[in-house]
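S.K.: Structure provided below as C-alpha cells; questions to follow.
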Amino acid sequence: MKKSHGPAFRKELKPLMECATCRGAGVVSGVFHQLDCTACRGSGWVCQVTGEALPLEDLVPQLNMKLRNMAAELTRARHSQGGAHEQYEQNNRRGAGGSNYTGD
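Take 1 as the starting number for the sequence shown in the UniProt record's numbering and just add one per residue.
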C-alpha cells in the first residue's frame with residue numbers, strides 16, 4: 001500500500017533532463033560575456049515532467065542522488081570488467097603465426 005499522507009520516508013529520484021535553452025551548460029552567451037541561464041537558474045537541469053527549473057533545495061538532493069547512482073554504476077561496471085590486472089594476466093598472442101601484439 002502506498003503512503004498517501006504525511007512526509008515521505010525517502011526522497012524519490014525525480015527525472016531530470018538537460019535544459020533545452022543552454023543545452024545543459026547553465027550559461028547562455030550574451031553580447032560580450034556569458035550569462036546564467038534563466039530557464040534552469042544556471043544549473044543546466046530542469047524537471048523532465050514539467051520542463052521547469054527545480055528550486056535549489058530540491059535540485060541539490062536530486063543531483064546528489066543522481067551522482068551517487070552513477071558512481072555506483074561505474075563501480076559495478078569496473079568490477080565486472082576485472083580491471084587492469086586481468087588484462088596483464090591474459091595471453092598476448094595475436095595475429096598470424098602467434099606474433100606478439102605490442103600495440104605499436
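Just so you know, even glycine gets a beta-carbon here, dropped at the ideal spot from N, CA and C.
Given the structure is predicted, the values throughout are model-derived calculations rather than measurements.
Spell out the partners DSSP gives C19 in its beta bridges.
M.R.: Sequence index remark: in the sequence shown, residue 19 carries index 19 (1-based). Partner(s): none; C19 has no beta bridge.
S.K.: Quick one: using the 10 Å Cβ neighbour count with 16 as the cut-off for buried, is G44 buried or exposed?
M.R.: Numbered from its first residue, the sequence shown carries residue 44 at position 44. With 16 or more other Cβ atoms within 10 Å, it is buried.
S.K.: Kindly indicate which three-state DSSP category L48 falls into: helix, strand or coil?
M.R.: Taking the first residue of the sequence shown as position 1, residue 48 is located at position 48. The sequence given here places Gln at residue 48; Leu does not occur at that position. Coil, per DSSP.
S.K.: For G24, which option in E12, L35, V46 has the closest C-alpha, if you only look at C-alpha atoms?
M.R.: Locating residue 24 in the sequence shown gives position 24, where the first residue counts as 1. Of the candidates E12, L35, V46, the one whose C-alpha sits nearest the C-alpha of G24 is V46.
S.K.: Tell me the rounded alpha-carbon separation between S80 and R10.
M.R.: Counting from 1 along the sequence shown, the entry for residue 80 is found at position 80. Counting from 1 along the sequence shown, the entry for residue 10 is found at position 10. Each residue's alpha carbon lies about 29 Å from the other.
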